[in-house]
Amino acid sequence: MKIENHPNYVVLEDEKDDIKDFASFIESQIPTKYKGQNVVLNLLKYQSLELPQLLKFLKTSNLHRKTKHSFVIVNDAIDIDDVPFEMIVVPTLQEAEDIIEMEEIERDLGF
């Protein structure tokens with residue numbers, strides 16, 4: 402897994418080509434190693450990502466967001482209208498950064 406640290410978030414990217422294994426790995430890593438951090442999953446390399454594959458990250462997303470930290474998935478292959486409202490999926494890394502900034506402001510304001 403590639404790890405790229407930024408001042409207020411970390412970007413995680415799969416180095417292999419198995420979305421199912423990556424989802425399982427992320428599920429075990431996020432609660433321990435990335436607790437207290439905003440997380441961006443870079444899935445741009447999966448150009449044929451489908452909704453059932455994306456949903457493998459739903460549990461991790463929900464659990465991490467309950468800790469009052471952002472969990473944003475970056476992928477431009479999936480139709481945003483198909484994504485459940487509990488998940489945040491954006492087409493670019495810049496948009497992921499913008500979402501994290503907005504969510505941090507909302508948390509600071511008590512939302």
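Under our numbering, the sequence shown is numbered contiguously, ending at residue 512. Where a beta carbon is used, it is the ideal one built from N, C-alpha and C, also for glycine. A quick note: this is a predicted structure, and the numbers were derived from the prediction, not measured.
| Asked | Found |
| --- | --- |
| Nearest-angstrom Cα separation, counted from residue 425 out to residue 452 | 16 Å |
| Continuous alpha helix (DSSP H) assignments of at least 4 residues falling wholly in the segment 418–474 | 420–434, 452–455, 459–467 |
| Residue 429 to residue 503 span [Cα, whole Å] | 27 Å |
| Counted within 10 angstroms of its Cβ, other Cβ atoms place residue 415 as buried (16 or more) or exposed | buried |
| Residue 489 (DSSP reduced to helix, strand or coil) | strand |
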